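One structure is given below, encoded as structure tokens.
In the numbering used here, the protein residues as written are 400 to 642.
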């Protein structure tokens, strides 16, 4: 039936080039008419985001055909139907960036980050240098832990003080060193730049827990839980606090 049909549809539209224009038109008109709560989406975890994801893939098929107008129309439809789907805002930002419309690009980036503050793909696209330096430092940390890692992160913070992830990663390294008080300072720096960031709030909860400040740990955990109740790190922190 229809529920079993949707995985095949997603598989087809997720790879631009597999279908011709007529086939994509047919799938688009079918998916567009479905409610986000339709039982054919029940096959997947994630509820209403499944329809948005399917339409996002379809939009990118049109982009692959060189039809920017239909691509943008579908992305706008996704946003009007599901304003919590961050990727549509990210794609809007890329679209405006490509057209040289800086103000609209900045607005869409802000909208995407409001929905999903820890958005690696967006950072990789719009802040490639800082993102990849951070990535490189954290990969090195897995192989060998030394003072140079901290020095390198502090250098990135000095150069680009407005990037939350550098503070966040510095805090993570401080936790490994057992310097919980220093970790807290870095995590607070990250939170200032990315206020509703579940990843940062969870790490602040862990910091406070390790410093035996259970009330503050509970407060940070509750704030994180409100943002992302199903987040694995939040659930783990909640379990630690309820012991």
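The beta-carbon is built from N, C-alpha and C at its ideal position, and this holds for glycine as well.
Just so it is clear, the structure is predicted and the values come from calculations on it, not from any experiment.
Closest by C-alpha distance to residue 518, out of 596, 481, 435 and 624, is 596. Sorting 594, 507 and 498 by C-alpha distance to the C-alpha of residue 468 places 498 at the top. Between residue 512 and residue 485, the alpha-carbon positions lie close to 7 angstroms from each other. Straight-line spacing of the CA atoms in residue 611 and residue 520 works out to 35 angstroms. If you compare the alpha carbons of 594, 526 and 419 with that of residue 462, the shortest gap goes to 419. Per DSSP, the continuous alpha helix (DSSP H) segment holding residue 624 begins and ends at 613 to 626. Taking all protein chains in view, the Cβ of residue 482 is surrounded by fewer than 16 other Cβ atoms within 10 Å, so the residue is classified as exposed.
When 561, 545 and 432 are compared, the shortest CA-CA separation from residue 529 is found for 561. Taking a C-beta distance under 9 angstroms as the contact criterion, residue 474 and residue 452 do not qualify as a contact pair. For residue 581, the enclosing alpha helix (DSSP H) begins and ends at 579 to 592.
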